[in-house]
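S.K.: This is the structure I want to talk about, given as structure tokens.
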Amino acid sequence: MNRVAARAGICLLLVALLLFGMVFFLFEYAVNADAWVVFPGSPHVYNGGNIGCGIVTDRDGVVLLNMSDGRIYAQAEDLRKSMVHWLGDRKGNVYAPALSVYSEQLAGYDFLNGLYAYGRIGGTAKLTLSATVQQEALKAFGDYKGTIGVYNYKTGELLCAVSTPNYDPDNPPDISDDTTGKYDGLYVNRFTQSNYVPGSIFKIVTLAAALESIPDIQEQSFICKGSYDIGKDTITCTGKHGRQDIKQAFRNSCNCAFAQIAEQLGKDTLTLYVEQFGVVESLSFDGITTAAGKYDVSQASQFSLAWSSIGQYTDLVNPCGFMTFVGTIAAGGKGVKPYLVESITSDNMTTHKGKGQSGDRIMSAATADIIREFMAYNVSDKYGSDNFPGLTVCAKTGTAEVGGEKKPNAWMTGFVADEEYPLAFVVVVEDGGYGREICMPILSKVLEACKQSMIKNG
Ligand SMILES: [Zn+2]
Numbered sequence: 017m018n019r020v021a022a023r024a025g026i027c028l029l030l031v032a033l034l035l036f037g038m039v040f041f042l043f044e045y046a047v048n049a050d051a052w053v054v055f056p057g058s059p060h061v062y063n064g065g066n067i068g069c070g071i072v073t074d075r076d077g078v079v080l081l082n083m084s085d086g087r088i089y090a091q092a093e094d095l096r097k098s099m100v101h102w103l104g105d106r107k108g109n110v111y112a113p114a115l116s117v118y119s120e121q122l123a124g125y126d127f128l129n130g131l132y133a134y135g136r137i138g139g140t141a142k143l144t145l146s147a148t149v150q151q152e153a154l155k156a157f158g159d160y161k162g163t164i165g166v167y168n169y170k171t172g173e174l175l176c177a178v179s180t181p182n183y184d185p186d187n188p189p190d191i192s193d194d195t196t197g198k199y200d201g202l203y204v205n206r207f208t209q210s211n212y213v214p215g216s217i218f219k220i221v222t223l224a225a226a227l228e229s230i231p232d233i234q235e236q237s238f239i240c241k242g243s244y245d246i247g248k249d250t251i252t253c254t255g256k257h258g259r260q261d262i263k264q265a266f267r268n269s270c271n272c273a274f275a276q277i278a279e280q281l282g283k284d285t286l287t288l289y290v291e292q293f294g295v296v297e298s299l300s301f302d303g304i305t306t307a308a309g310k311y312d313v314s315q316a317s318q319f320s321l322a323w324s325s326i327g328q329y330t331d332l333v334n335p336c337g338f339m340t341f342v343g344t345i346a347a348g349g350k351g352v353k354p355y356l357v358e359s360i361t362s363d364n365m366t367t368h369k370g371k372g373q374s375g376d377r378i379m380s381a382a383t384a385d386i387i388r389e390f391m392a393y394n395v396s397d398k399y400g401s402d403n404f405p406g407l408t409v410c411a412k413t414g415t416a417e418v419g420g421e422k423k424p425n426a427w428m429t430g431f432v433a434d435e436e437y438p439l440a441f442v443v444v445v446e447d448g449g450y451g452r453e454i455c456m457p458i459l460s461k462v463l464e465a466c467k468q469s470m471i472k473n474g
């Protein structure tokens, strides 16, 4: 009898263990199944650290990367190069966060059906980028290093974002022995991951702070004799601009006038507005986190504060972040953040729909209007409207001194004011020299390509 009872006891114990195991498994499955499916070690989903299933297209359906059987990039070499920082490569030298963050949808996984698309092609991610614009931007950049970005400031769609240098993922260069420096930062997406000295494009920030906080700023005049003394130190200007109002000083990009404006603002007020404008904040969209910039005048003298107001001193900005700031001005002081993934579809179902995240109001609509008028004047009176046929472009250039043997970084940022082409842009060319000379021809071609892409899309 005792033996039977003992056996029954063992059976019960085994049943209890089985039940416990099943409950444990189901619980783990419910909590972790999605993570198991897209576990980075899973050969079905990843290769070389990058996602390895699904299809990626541009905004028009042009296939950029087909991962249903291996990793097949676009046919055109220039398209492969222009997209490598967004799609990643076979070895994982360039990581593609925007694809990995949607790995479940690209693998064709959902909780109820499991890997329902397994063995088939998985999901299709449509990006907001335009293949033709990317190719045009790559060509326009030539051998320069730097980046260009253009987004729709009403919807947030990122139409163009190219980082140079880049490379063909089908024919990656061996950079280990390179001493020429031409591959410096090859794997870095300069648009989202880098920081640059802003130079005179930062005058947009100082201008906005002045318009928001100094009631009579537009009635004031500023004298430029080619230099301006602060204590024992001297701010130098690019010319002798004489007496100017703030609009003319902005058009002249007059360092002396902006040094005087910075003195009126003071470091606390300027810091407060830099924070309010979000100029140096990191942005997050589609699994991407942009590099934060820097504005720190806590230890600055009056002289250094003046340099900080014109984008020198220790100032740093990220190109994507600055483009978003300028796009927010274009949108009237409250705008949307950029995004990259338009949609993901799988088996005719849309499993993700992209949308630009709404930003906070960063300045009054009245201030945004005045800046728009000033930036339009820069183009019509100085840079030349005929560089942008059929578009009303508002812009500011910059020539940022970086020290050493290098030529300044050339910048141009701004937006198109026309209702049908709500595009904001940023271009930075490293070791480029004067902003206007270097950036304008690139920008002119890229904005035209964006315009054509928008016409094609209705
Ligand atoms: Zn001046």
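Per this note's numbering: the sequence shown = residues 17 to 474.
For each residue, glycine too, the CB sits at the ideal point set by N, CA and C.
Cβ of A112 versus every heavy atom of ligand 1: is any distance shorter than 7 Å?
M.R.: Along the sequence shown, one-based indexing puts residue 112 at 96. Checking the Cβ of A112 against ligand 1 gives no.
S.K.: Distance, Cα to Cα, D76 vs G400?
M.R.: Against the sequence shown, residue 76 aligns to sequence position 60. Against the sequence shown, residue 400 aligns to sequence position 384. Taking the straight line joining both Cα atoms gives about 32 Å.
S.K.: For ligand 1, enumerate in chain order all residues having a CB closer than 7 Å to any of its heavy atoms.
M.R.: C240, G242, C253, T254, G255, K256, H257, N268, C270, N271, C272 and A273
S.K.: What span of residues does the beta strand (DSSP E) with Q498 cover, start to end?
M.R.: It is not possible to answer for residue 498, since the shown part of the chain is limited to 17 through 474.
S.K.: The alpha helix (DSSP H) with V290 in it runs from where to where?
M.R.: Here residue 290 refers to the residue found at position 274 of the sequence shown. Taken as a continuous stretch (DSSP letters only), the alpha helix (DSSP H) holding V290 covers N271 to F293.
S.K.: In or out: C69 buried (at least 16 other Cβ within 10 Å) or exposed?
M.R.: Within the sequence shown, numbered from 1, the residue matching residue 69 stands at position 53. Burial call: buried.
S.K.: Pull up the distance between the alpha-carbon of E173 and that of D190, whole angstroms please.
M.R.: By one-based count along the sequence shown, residue 173 stands at place 157. By one-based count along the sequence shown, residue 190 stands at place 174. Taking C-alpha positions only, E173 is separated from D190 by approximately 34 Å.
S.K.: Could you tell me which of S237, G451, L95 and D302 sits nearest to V4, measuring between CA atoms?
M.R.: In the structure as shown, the chain begins at 17 and stops at 474. Residue 4 is therefore absent and cannot be evaluated.
S.K.: Say whether the stretch 378-385 touches the stretch 149-158, bearing in mind that this needs 3 or more beta-carbon pairs closer than 8 Å, one atom from each stretch.
M.R.: Cβ pair count under 8 Å is below three, so no.
S.K.: If I follow the unbroken beta strand (DSSP E) through Y167, where does it start and stop?
M.R.: Working through the sequence shown from its first residue, we reach residue 167 at position 151. Looking at the DSSP string, the run of the beta strand (DSSP E) that includes Y167 is G162 to N168.
S.K.: Taking C-beta to C-beta, are I251 and I233 nearer than 8 Å?
M.R.: On the sequence shown, position 235 is the one that residue 251 refers to. On the sequence shown, position 217 is the one that residue 233 refers to. No.
S.K.: Secondary structure at M83, three-state DSSP: helix, strand or coil?
M.R.: Here residue 83 refers to the residue found at position 67 of the sequence shown. In the structure shown, M83 sits in coil (DSSP, three-state: anything other than H, G, I, E or B).
S.K.: Just tell me which of A141, S116, T222 and V445 has its CA closest to the CA of T180.
M.R.: For this step, residue 180 is matched to residue 164 along the sequence shown. Relative to the Cα of T180, the nearest Cα in the group A141, S116, T222 and V445 belongs to V445.
S.K.: Write down every uninterrupted run of the beta strand (DSSP E) in the stretch 307-376 whose length is 3 residues or greater and which is fully enclosed by it, in chain order.
M.R.: 357-362 and 365-369
S.K.: When you compare only the Cα positions, how much space is there between S298 and P231?
M.R.: Residue numbering aside, residue 298 sits at position 282 when the sequence shown is read from its first letter. Residue numbering aside, residue 231 sits at position 215 when the sequence shown is read from its first letter. If I take the Cα positions, the gap works out to 31 Å.
S.K.: Would you report the Cα separation of I304 and L356, rounded to the nearest angstrom?
M.R.: Counted from its first residue, the sequence shown places residue 304 at position 288. Counted from its first residue, the sequence shown places residue 356 at position 340. One alpha carbon belongs to I304, the other to L356, and they sit about 9 Å apart.
S.K.: What is the DSSP secondary structure of T250, reduced to helix, strand or coil?
M.R.: Residue mapping note: residue 250 aligns to position 234 of the sequence shown, counting from 1. Three-state result, T250: strand.
S.K.: State yes or no: is the C-beta of M428 within less than 8 Å of the C-beta of A440?
M.R.: Numbered from 1 along the sequence shown, position 412 holds the residue referred to as residue 428. Numbered from 1 along the sequence shown, position 424 holds the residue referred to as residue 440. No, the Cβ-Cβ distance between M428 and A440 is not below 8 Å.
S.K.: Under the three-state reduction of DSSP, which class applies to Y393: helix, strand or coil?
M.R.: As a position in the sequence shown, residue 393 is number 377, starting the count at 1. It is helical.
S.K.: For G215, which option in A433, V418 and M470 has the closest C-alpha, if you only look at C-alpha atoms?
M.R.: Position 199 of the sequence shown, counted from the start, is the residue given in the question as residue 215. Among A433, V418 and M470, the Cα nearest to that of G215 is on V418.
S.K.: Using a 10 Å radius around the Cβ and a threshold of 16 neighbouring Cβ atoms, would you call F293 buried or exposed?
M.R.: If you number the sequence shown from 1, residue 293 lands on position 277. Counting Cβ neighbours within 10 Å, F293 comes out buried, since at least 16 surround it.
S.K.: Here's the rule: buried if 16 or more other CB atoms are within 10 angstroms of the residue's CB, otherwise exposed. What is V31?
M.R.: On the sequence shown, residue 31 is found 15 positions in, with the first residue counted as 1. V31 should be labelled exposed.
S.K.: Give me the Cα-Cα distance between Q280 and G165, rounded to the nearest whole angstrom.
M.R.: On the sequence shown, residue 280 is found 264 positions in, with the first residue counted as 1. On the sequence shown, residue 165 is found 149 positions in, with the first residue counted as 1. In this structure, the straight-line span from the alpha carbon of Q280 to that of G165 is close to 34 Å.
S.K.: CB F274 to CB I326, shorter than 8 Å?
M.R.: Numbered from 1 along the sequence shown, position 258 holds the residue referred to as residue 274. Numbered from 1 along the sequence shown, position 310 holds the residue referred to as residue 326. Contact flag set, yes.
S.K.: Looking at the secondary structure, which residues open and close the beta strand (DSSP E) in which F431 lies?
M.R.: Numbered from its first residue, the sequence shown carries residue 431 at position 415. That run of the beta strand (DSSP E) goes N425 to V432.
S.K.: Kindly indicate which residue of K161, P113, N168 and V79 has the alpha-carbon position closest to the one of C466.
M.R.: Translated into the one-based positions of the sequence shown, residue 466 becomes position 450. The shortest C-alpha separation from C466 is found at N168.
S.K.: Can you tell me the Cα-Cα spacing of V53 and K170, whole angstroms?
M.R.: Sequence index remark: in the sequence shown, residue 53 carries index 37 (1-based). Sequence index remark: in the sequence shown, residue 170 carries index 154 (1-based). Residue placement at V53 cannot be trusted, given a pLDDT of 49 that sits under 50; what the coordinates show is reported in the next sentence. Near 36 Å, if we compare the C-alpha coordinates of K170 and V53.
S.K.: In chain order, what residues of the same chain have a beta carbon less than 8 Å from the beta carbon of V290, not counting five sequence neighbours either side?
M.R.: Along the sequence shown, read from residue 1 onward, the residue named residue 290 stands at position 274. Counting only Cβ-Cβ distances below 8 Å, and skipping sequence neighbours, we find V221, A225, V296 and Y311.
S.K.: Which of helix, strand or coil does DSSP assign to V31?
M.R.: As a first step, residue 31 is located in the sequence shown; it is residue number 15 there, counting from the start. Correct three-state label for V31: helix.
S.K.: Name the one or two DSSP bridge partners that C455 has.
M.R.: Here residue 455 corresponds to residue number 439 of the sequence shown, with the count starting at 1. Answer is none; C455 lacks a bridge partner.
S.K.: Grab the span of the alpha helix (DSSP H) containing F404 for me, first residue to last.
M.R.: As a first step, residue 404 must be located in the sequence shown, where it is residue number 388. First-last for F404: undefined, no H or E at that position.
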